[in-house]
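One structure below.
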């Protein structure tokens, strides 16, 4: 069996990702390729009770911004929280904590999630969720000078990475899936050829 060919199939190729200037442009390019592998908002175990580190397209991101989504109590409704009840949503900026809450529509097919902070309500649409990434798109038209996506990565995976390295990590989801499909196809063809030869 051709080992170099097998290694080629399972190894991600760094040069596949085009060069863009902004994180939003990268996400626009990557999302159509990885959306089939996304989880849904109703699968809350994928994004609750864990710290998500916000990723921004600055070369030296000085602020460490964490988002924590506590498990939502049913029914899903926006409600005022008191300190003894605990917040549904926590945003930490360099250790300075803001409390709020979050909600989603109860329908399994819904991609809508609303984040309430001390100063505003923001409506997002789910773009992508897995065990390492949580990407939300702000609802409505993108205004000049604003960000289209809220990009968050699992803190343990992204905290020491530059933002372009995080983009590569996100794109690896697509690379490995394609390589896996090609690998399975190669094995299937190989088995088919072996079976054909066994009959002659």
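Numbering (my numbering), first residue to last: 279 to 478. Don't be surprised by glycine CBs; every beta carbon is placed ideally from N, CA and C. Quick caveat: nothing in here was measured; it's all calculated off a predicted structure.
- Here residue 405 has 309, 413, 414, 415 and 427 as same chain residues with Cβ atoms under 7 Å from its own Cβ, once five neighbours each way along the sequence are excluded.
- Collapsing the DSSP output to three states places residue 319 in coil.
- Contact annotation, residue 451 with residue 312: C-beta distance approximately 5 Å; criterion of less than 8 Å satisfied.
- For residue 477, the three-state secondary structure derived from DSSP is coil.
- Rounded to whole angstroms, the separation of the alpha carbons of residue 422 and residue 408 is 29 Å.
- Fully enclosed beta strand (DSSP E) runs of no fewer than 3 residues occupy 390-394, 399-407, 411-416 and 427-432 of the region 387-442, in order along the chain.
- Residue nearest to residue 403 within the set 296, 300, 318 and 299 is 318 (criterion: CA-CA distance).
- If you look at residue 309, you'll find it in the alpha helix (DSSP H) that goes 301-312.
- Assignment of residue 294 by DSSP, reduced to helix, strand and coil, places it in the helix class.
- Burial is judged here by how many other beta carbons sit within 10 angstroms of a residue's own beta carbon; residue 315 has fewer than 16 and is exposed.
- For residue 388, the CB contacts under 7 Å within the same chain, skipping 5 residues up- and downstream, are 319 and 382 in chain order.
- Contact between residue 432 and residue 328 is confirmed by a C-beta separation of about 7 Å, below the 8 Å threshold.
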